[in-house]
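Everything on this sheet refers to the single structure shown next.
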Amino acid sequence: AQTVTQSQPEMSVQEAETVTLSCTYDTSENNYYLFWYKQPPSRQMILVIRQEAYKQQNATENRFSVNFQKAAKSFSLKISDSQLGDTAMYFCAFMKEAGAQKLVFGQGTRLTINP
Amino acid sequence: EPEVTQTPSHQVTQMGQEVILRCVPISNHLYFYWYRQILGQKVEFLVSFYNNEISEKSEIFDDQFSVERPDGSNFTLKIRSTKLEDSAMYFCASSEGPRSGGTDTQYFGPGTRLTVL
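Chains as they are written, first to last, in my numbering: chain A, 1154 to 1268; chain B, 38 to 154.
Here it is as structure tokens:
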């Protein structure tokens, strides 16, 4: 079974700083997908970024980028120029390749951006 | 932009009562999911649904739970006899399904907060 581990329960940075959230996972699959979801205080789950394991290039979405290390089974999220609206719980998630596959979530990291 | 919707946003019920949580997935999506999140904990998979049948279910999804797609737009989760430990946020999600070059991303609804007294 796949497992996802987020070792940082809480993080706090100043506005405009860069912050990196860690995620490691365990799987015997070769093809899979990885995601970061954001959960603000409203508790809605919002997709931040996704990465296909077969792609060597790290995904980027505006201020959000990932560092995907397949051999190390590591998938960290970097938030550049952090904003107050980035304050949220961030969940790393794993999904086997395609077709009604469940997401397996980590425990989450609570990120606070201070003014 | 299309989105997943869920009703109600908050449901309060007495232990032993039946509840039905409703979801309207994104219209062209083929795969549907339910997850739950007990307060302060991680999000847990309950069930996936495709082509009018359950694709996979977790051990949480016991005989007290059922899912249904009663028409072309709604997707429901029924809990027959609620327990105190069923109190949680329940999320519905949907995805297009595997397609060439796609990632089969799941998009979540805003959730239904279920409180069992």
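Yeah, the Cβ is synthetic: ideal placement off N, Cα and C, and Gly gets one too.
Excluding five sequence neighbours on each side, which residues of the same chain lie with their C-beta closer than 6 Å to the C-beta of residue i?
| i | result |
| --- | --- |
| Met1248/A | Tyr1186, Gln1254 and Leu1256 |
| Val104/B | Val84, Phe86 and Leu114 |
Out of curiosity, what's the CA-to-CA distance linking residue i and residue j?
| i | j | result |
| --- | --- | --- |
| Pro45/B | Asp99/B | 23 Å |
| Met52/B | Cys1245/A | 33 Å |
| Gly1261/A | Thr1156/A | 13 Å |
| Tyr1243/A | Lys1191/A | 5 Å |
| Ala1225/A | Thr50/B | 46 Å |
| Ser1160/A | Asp108/B | 43 Å |
| Arg106/B | Arg150/B | 21 Å |
| Ala1206/A | Ser124/B | 35 Å |
| Ala1212/A | Lys1223/A | 13 Å |
| Gln78/B | Glu96/B | 17 Å |
| Glu1214/A | Asp141/B | 18 Å |
| Gln1209/A | Arg1203/A | 13 Å |
| Ile1199/A | Gln54/B | 31 Å |
Tell me which same chain residues have a C-beta within less than 8 Å of the C-beta of residue i, skipping the five on either side of it?
| i | result |
| --- | --- |
| Val80/B | Tyr72, Arg73, Gln74 and Phe128 |
| Asn1267/A | Ser1165, Val1166, Gln1167 and Glu1168 |
Got a sec? Which residues, its chain only, sit under 7 Å from residue i by beta carbon, not counting five neighbours each side?
| i | result |
| --- | --- |
| Leu121/B | Met52 and Val153 |
What in chain A is Cβ-close to residue i, meaning under 7 Å?
| i | result |
| --- | --- |
| Pro147/B | Gln1197 |
(request) Give, in chain order, every residue of the region 1238-1264 of chain A whose Cβ lies closer than 9 Å to some Cβ of chain B. (result) Phe1244, Ala1246, Met1248, Glu1250, Ala1251, Gly1252, Ala1253, Gln1254, Lys1255, Leu1256, Val1257, Phe1258, Gly1259, Gln1260 and Gly1261
(message) Would you call the region 1169-1185 of chain A in contact with the region 1219-1237 of chain A, where contact means no fewer than 3 C-beta pairs closer than 8 Å?
(response) yes
(request) Compile a chain-ordered list of the residues in the region 120-134 of chain B whose CB is closer than 9 Å to at least one CB of chain A. (result) Met126, Phe128, Ala130, Ser132 and Gly134
(message) Under 8 Å, with one C-beta from each stretch per pair, do the region 56-68 of chain B and the region 1236-1245 of chain A reach the 3-pair mark?
(response) no
(request) Name, going along the chain, the residues of the region 1189-1217 of chain A whose beta-carbon falls closer than 9 Å to a beta-carbon of chain B. (result) Tyr1190, Gln1192, Ser1195, Arg1196, Gln1197, Met1198, Ile1199, Leu1200, Arg1203, Gln1204 and Glu1205
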